[in-house]
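In our numbering, the protein residues as written are 17 to 347. Ideal Cβ positions, reconstructed from N, Cα and C, are used throughout, including at glycine. A short worksheet on the structure shown next.
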Amino acid sequence: MSQILDLARAQVLERGVGLDEAGVLAVLRLPDEQLPALLQLAHETRMRWCGPEVEVEGIVSLKTGGCPEDCHFCSQSGLFASPVRAVWLDIPSLVEAAKQTAATGATEFCIVAAVRGPDARLMKQLRDGVAAIRAEVDIQVAASVGMLTQEQVDELVEMGVHRYNHNLETCRSYFPNVVTTHTFEERWETLRMVRDSGMEVCCGGILGLGETIEQRAEFAAQLAELDPHEVPLNFLNPRPGTPLGDRPVIDARDALRAIAAFRLAMPRTILRYAGGREITLGDLGTRDGLLGGINAVIVGNYLTTLGRPATEDLALLADLKMPVKALSATI
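This is how it looks when you write it as structure tokens:
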């Protein structure tokens, strides 16, 4: 076994102290023949510090498309010639989506909007939607509506939103290659306000945007510094009409190495499968990731791409004897 795996076993598995950037980079550089041992160590780390439960979440878009930002991977940007067009979801449809999500056993329902940040109309829609869901569905409500002011953070807390998702997407050094209409620091400031408010912080990103493995390690270290409650890991699913529409899909082995590396950087964090896992990993790779550090999944479809049927993911969890996390009695 390599020195980095010996170090990770002593430091991360035994003491619960995550790897630093150099350690993550060493993990990402491990050869393929050491991948099974790496995944096993990441799984043992997840089981020791997080337990066997898997958190299941569904997501729905309150406002789809027409976003003014130029995130180069996103077909919801109004600046690109992609097929996604602006659509608003009404409140009854939002409640129905929450009911369908809860029926899968999910404990979390995230309301997403493709915007730079919420205006007064969106905040009212969100307030009405959260109230309607909480009145009819026994599920925790999360939100992801872009960059926030302090007043908007306070309003979300008042609504009863318990977790806020705002992805950094990639590391600080590579961010300007992916987004030019706002900065990494602007996203970081929203996350700081959310964390200080008492809401849970959900923050991750997308792998395979063209970043180097050194930048992938940098990203893991920056997420560990933020210390989010949850890290959703997406893998680029190239979207037609976007600047990254022709990028190749990340190699499955590199994706699995990254899953394990992010787990070893953040041993106590919820590490969630998000978009792109189907095209990147397929069924066998999805199973390998669940045995390599992942302890949460988004079930059903994503915002603009199709996911696996929820029944398939739930059957896989049952086969792996990984119980779905029950809804907390306290929100």
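Exercise. From the DSSP output, which residues share a beta bridge with Arg179?
Worked result: Ala158 and Glu216
For this session: Identify, in the order they occur along the chain, each residue of the same chain with its Cβ nearer than 7 Å to the Cβ of Thr321, setting aside the five sequence neighbours on each side.
Result: Its pLDDT being 42, under 50, Thr321 is placed unreliably in this model, and the value from its coordinates should be taken loosely. Here the set comprises Asn253 and Gly291.
For this session: Go ahead and pull the three-state DSSP assignment for Arg288.
Result: strand
Exercise. Alpha carbon to alpha carbon, what distance is there between Asp329 and Ala312?
Worked result: A direct Cα-Cα distance of roughly 11 Å separates Ala312 from Asp329.
Exercise. From which residue to which residue does the beta strand (DSSP E) around Glu124 run?
Worked result: For Glu124, the uninterrupted beta strand (DSSP E) run begins and ends at Glu124 to Ala129, by DSSP.
Problem set entry | Run of the beta strand (DSSP E) containing Glu246, from where it starts to where it stops | Glu246 to Phe251
Exercise. Rounded to whole angstroms, how far is the Cβ of Ala158 from the Cβ of Arg179, which I believe are closer than 8 Å?
Worked result: 4 Å
Exercise. Excluding five sequence neighbours on each side, which residues of the same chain lie with their C-beta closer than 6 Å to the C-beta of Val33?
Worked result: Result list for Val33: Gln27, in chain order.
Problem set entry | Whole-Å CB distance - Leu138 paired with Val161, under 8 Å assumed | Confirmed, Cβ separation roughly 6 Å.
Exercise. In whole angstroms, what is the alpha-carbon distance linking Asp22 and Ile222?
Worked result: 28 Å
Problem set entry | CB contact flag (Ile155, Ala122, <8 Å) | Taking 8 Å as the Cβ cut-off, Ile155 and Ala122 qualify as a contacting pair.
Problem set entry | Which listed residue (Gln92, His88, Cys83 and Leu332) has its alpha carbon closest to that of Thr196 | His88
For this session: Enumerate in chain order the residues of its own chain whose CB-to-CB distance from Leu307 is below 6 Å, with the five nearest sequence positions on each side excluded.
Result: His59
Problem set entry | As assigned by DSSP and simplified to three states, the class of Gly221 | strand
Problem set entry | Distance between Gln50 and Ala113 (C-alpha atoms, nearest Å) | 42 Å
Exercise. Helix, strand or coil: which one does DSSP assign to Ile295?
Worked result: helix
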